[in-house]
């Protein structure tokens with residue numbers, strides 16, 4: 027079996043090169059489905075870590091300490107991503123984008139389903155938490171190879187003038203996953219008693235994720251390989267050691283791409299993950315209010331991703347990206363004041379505005395990162411940038427937020443942390459060349 031047809035067992039024996047070009051709609055759906063599944067699960071886990079996992083897997087600790095431990099297992103899913111970036115990044119540059127995307131979808135979907143079957147501390151003690159950590163680690167490895175492939179599936183087949191908009195569908199998929207996850211959580215927290223939710227209700231959304239996996243396999247089965255990769259393969263220009271090439275010849279590009287993501291990841295972790303714990307546990311806000319505010323925020327974020335990505339095609343990636351970072355830093359200065367009112371309208375306003383401003387970074391981010399690398403190492407470079415930034419940014423952000431709150435009590439240290447990471451993002455984007463409306467590096 028050759029390098030280029032390993033997915034035949036999944037794709038009913040179809041040869042990727044023999045397939046007809048997919049419609050823009052199918053390409054967008056194929057790009058979205060993996061990140062939708064990724065963030066559906068991460069949304070579920072994030073919320074469960076903030077709401078019930080401290081009781082289910084770490085009941086021997088006080089609530090705050092249990093929450094920190096739950097967020098620690100959340101961080102494992104990020105810290106393991108660089109392993110996936112190394113493994114699947116290389117495979118994506120050697121075997122093809124579509125090939126790898128089929129396997130990452132199956133692997134991370136299987137782990138999500140398995141989390142829904144896990145026994146808790148009451149049943150098998152600390153072994154339940156250990157199994158949770160193992161599944162999170164495996165899942166993080168798969169996720170480390172998903173994002174870059176999903177972005178390249180559309181970015182490498184888009185025109186120079188519309189690449190930002192086309193590549194942003196992977197980002198929109200994240201918001202679809204979060205919104206769907208939040209909708210499931212809102213339903214269960216509103217119509218299922220707290221006792222039933224803790225006993226069995228938390229499992230149902232994880233188990234239901236298998237439907238998304240089946241849909242994803244079907245939609246990706248009808249998508250051809252990236253045109254840019256096929257041209258490279260026909261020309262015999264594939265990198266023999268793409269990871270090594272990125273680390274030795276494209277280190278500056280890797281640092282720029284990674285740094286551009288850190289601030290946006292931290293802002294996102296604050297607004298979507300930590301805010302739930304802060305609102306419900308520190309302020310005593312009812313769960314449906316907190317979840318509803320985040321749901322509206324991520325819906326606005328998804329629309330903002332498309333709008334700001336299209337704007338970046340016209341104005342350039344750098345001005346839109348940096349504008350989003352500066353405005354996000356300003357909004358973080360007042361967001362706690364709005365939270366502390368405990369007023370549902372003001373809480374929702376704080377979350378919606380924050381996530382719209384975040385989308386000015388997150389939307390153009392997909393094309394910006396991909397455009398930093400040549401075709402022969404683009405999967406590896408984009409995967410490493412995504413996973414390394416996630417490990418030092420979004421992955422540990424909720425843990426750092428919870429620890430800072432426990433250590434200092436006030437909110438100023440949390441703001442300083444966000445400002446510092448956004449500074450890294452601004453400096454990184456300023457160090458990059460403008461890539462909008464230009465051919466990708468060949």
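Residue numbers (our numbering): 27 to 468. Ideal placement from N, C-alpha and C gives every residue a C-beta, glycine not left out.
*Quick one: Cα of residue 209 to Cα of residue 60, how far?*
Numbered from its first residue, the chain shown carries residue 209 at position 183. Numbered from its first residue, the chain shown carries residue 60 at position 34. Between residue 209 and residue 60, the C-alpha separation is close to 18 Å.
*Mind checking whether residue 393 and residue 399 have CB atoms under 9 Å apart?*
For the purposes of this step, residue 393 is taken as the residue at position 367 of the chain shown. For the purposes of this step, residue 399 is taken as the residue at position 373 of the chain shown. A distance of 9 Å or more separates the beta carbons of residue 393 and residue 399.
*Are residue 408 and residue 174 closer than 9 Å when you measure CB to CB?*
Counted from its first residue, the chain shown places residue 408 at position 382. Counted from its first residue, the chain shown places residue 174 at position 148. Yes.
*asked:* By alpha-carbon positions, which one of 460, 458, 425 and 457 ends up nearest to residue 443?
replied: What you label residue 443 is simply residue 417 of the chain shown in a count that begins at 1. For residue 443, the nearest C-alpha among the options comes from 425.
*asked:* Quick check on residue 152: does DSSP put it in helix, strand or coil?
replied: What you label residue 152 is simply residue 126 of the chain shown in a count that begins at 1. Annotated three-state conformation of residue 152 is helix, per DSSP.
*6 Å Cβ shell around residue 313 - same chain, five flanking residues per side excluded*: Position 287 of the chain shown, counting from 1, holds the residue named residue 313. Cβ contact annotation for residue 313 (same chain, cutoff 6 Å, sequence separation greater than five): 215 and 306, in chain order.
*Between the C-alpha atoms of residue 300 and residue 308, what's the straight-line distance to the nearest angstrom?*
Mapped onto the chain shown, residue 300 falls at position 274. Mapped onto the chain shown, residue 308 falls at position 282. Going by the C-alpha atoms only, they are around 11 Å apart.
*residue 397 to residue 461, Cα distance in whole Å?*
As a position in the chain shown, residue 397 is number 371, starting the count at 1. As a position in the chain shown, residue 461 is number 435, starting the count at 1. Their Cα atoms are separated by approximately 6 Å.
*How about residue 136 and residue 239: do their beta carbons lie closer than 9 Å?*
Stepping through the chain shown from its first residue, residue 136 is reached at position 110. Stepping through the chain shown from its first residue, residue 239 is reached at position 213. Residue 239 sits close to residue 136, with the two beta carbons spaced by under 9 Å.
_Just to confirm my understanding: we take residue 252, look at its own chain, exclude 5 residues before and 5 after, and list those with CB closer than 8 Å. What are they?_
Reading the chain shown from its first residue, position 226 is the one you call residue 252. 122, 123, 124, 178, 179, 182 and 183.
*What is the DSSP secondary structure of residue 188, counted as helix, strand or coil?*
Within the chain shown, numbered from 1, the residue matching residue 188 stands at position 162. Of the three classes helix, strand and coil, the one that applies to residue 188 here is coil, per DSSP.
_Are the CB atoms of residue 467 and residue 368 within a distance shorter than 9 Å?_
One-based indexing of the chain shown puts residue 368 at position 342. One-based indexing of the chain shown puts residue 467 at position 441. Not closer than 9 Å, so no.
*From residue 456 to residue 428, what distance separates their C-alpha atoms?*
Translated into positions along the chain shown, residue 456 becomes position 430. Translated into positions along the chain shown, residue 428 becomes position 402. Each residue's CA atom was taken as its position, placing residue 456 and residue 428 some 31 Å apart.
_So the candidates are 131, 334 and 326; which of them puts its Cα closest to the Cα of residue 64?_
Here residue 64 refers to the residue found at position 38 when the chain shown is read from its first residue. Looking at the Cα atoms, 131 is the closest of the given residues.
_Quick check on residue 279: buried or exposed, where buried means 16 or more other Cβ atoms within 10 Å of its Cβ?_
Against the chain shown, residue 279 aligns to sequence position 253. Residue 279 comes out buried.
_As assigned by DSSP and simplified to three states, the class of residue 401_ = Taking the first residue of the chain shown as 1, we reach residue 401 at position 375. Here DSSP, grouped into helix, strand and coil, assigns residue 401 to helix.
*Run through DSSP, which three-state label would residue 441 get?*
Sequence index remark: in the chain shown, residue 441 carries index 415 (1-based). If DSSP states are grouped into helix, strand and coil, residue 441 belongs with the helices.
_Coarse secondary structure for residue 119, derived from DSSP in three states_ = As a working mapping, residue 119 is identified with position 93 in the chain shown. Looking at residue 119 - three-state DSSP - the assignment turns out to be helix.
_Environment of residue 67 [buried if 16+ CB atoms lie within 10 Å]_ = Numbered from its first residue, the chain shown carries residue 67 at position 41. It is buried - the Cβ of residue 67 has at least 16 other Cβ atoms within 10 Å.
*Proximity winner among 58, 353, 413 and 336, relative to residue 291 (alpha-carbon distances)*: What you label residue 291 is simply residue 265 of the chain shown in a count that begins at 1. Here the closest residue by C-alpha is 413.
*Where residue 424 sits in the DSSP three-state scheme*: The residue you call residue 424 lines up with position 398 of the chain shown. Shown here, residue 424 sits in a helix according to DSSP, grouped into three states.
*asked:* Count Cβ pairs between the segment 352-367 and the segment 318-325 that sit closer than 8 Å; are there 3 or more?
replied: No, because fewer than three Cβ pairs between the segment 352-367 and the segment 318-325 fall closer than 8 Å, the two stretches do not touch.
*asked:* Please list the terminal residues of the continuous alpha helix (DSSP H) segment that includes residue 242.
replied: Walking along the chain shown from the start, residue 242 turns up at place 216. Where residue 242 is concerned, the enclosing alpha helix (DSSP H) stretches over 236-247.
_Extent of the continuous alpha helix (DSSP H) run through residue 339_ = For the purposes of this step, residue 339 is taken as residue 313 along the chain shown, with counting starting at 1. Residues 313-341.
_DSSP three-state label for residue 207, please._
Against the chain shown, residue 207 aligns to sequence position 181. In the structure shown, residue 207 sits in a helix (DSSP, three-state: H, G or I).
*Is it the case that the Cβ atoms of residue 139 and residue 102 are separated by a distance below 9 Å?*
For this step, residue 139 is matched to residue 113 along the chain shown. For this step, residue 102 is matched to residue 76 along the chain shown. In this structure, residue 102 does not lie closer than 9 Å to residue 139 by Cβ.
*From residue 430 to residue 351, what does the alpha carbon distance come to, in whole angstroms?*
For this step, residue 430 is matched to residue 404 along the chain shown. For this step, residue 351 is matched to residue 325 along the chain shown. For residue 430 and residue 351, the distance between alpha carbons rounds to 22 Å.
_Segment limits, alpha helix (DSSP H) that includes residue 285_ = The residue labelled residue 285 in the question sits at position 259 within the chain shown. Run containing residue 285: 277-294, per the alpha helix (DSSP H) assignment.
*Hey, residue 410 and residue 111 are a contact pair by Cβ (cut 8 Å); roughly how many whole angstroms apart?*
Here the question's residue 410 lines up with position 384 in the chain shown. Here the question's residue 111 lines up with position 85 in the chain shown. About 5 Å separates the two Cβ atoms, so the contact holds.
_residue 133 burial status per 10 Å Cβ neighbour count (16 or more: buried)_ = Here residue 133 refers to the residue found at position 107 when the chain shown is read from its first residue. Burial state of residue 133 is buried, judged by a 10 Å Cβ sphere holding 16 or more other Cβ atoms.
*By how many angstroms is the C-alpha of residue 151 removed from the C-alpha of residue 264?*
Here residue 264 is taken as the residue at index 238 of the chain shown, counted from 1. Here residue 151 is taken as the residue at index 125 of the chain shown, counted from 1. Cα-Cα distance, rounded: 49 Å.
*Run of the alpha helix (DSSP H) containing residue 381, from where it starts to where it stops*: Taking the first residue of the chain shown as position 1, residue 381 is located at position 355. Secondary structure note for residue 381: its alpha helix (DSSP H) is the uninterrupted segment 370-396.
*Collapsed DSSP secondary structure at residue 228 in the structure displayed*: Indexing the chain shown from 1 puts residue 228 at position 202. Residue state, collapsed to three classes: coil.
*Pick out whichever of 120, 191 and 445 has its Cα sitting closest to the Cα of residue 256.*
If you number the chain shown from 1, residue 256 lands on position 230. Of 120, 191 and 445, the residue nearest in Cα terms is 120.
*Straight-line gap, residue 187 to residue 329 (C-alpha atoms, nearest Å)*: As a working mapping, residue 187 is identified with position 161 in the chain shown. As a working mapping, residue 329 is identified with position 303 in the chain shown. Whole-angstrom Cα-Cα distance: 20 Å.
*When you compare only the Cα positions, how much space is there between residue 113 and residue 219?*
Translated into positions along the chain shown, residue 113 becomes position 87. Translated into positions along the chain shown, residue 219 becomes position 193. Residue 113 and residue 219: Cα-Cα distance of roughly 43 Å.
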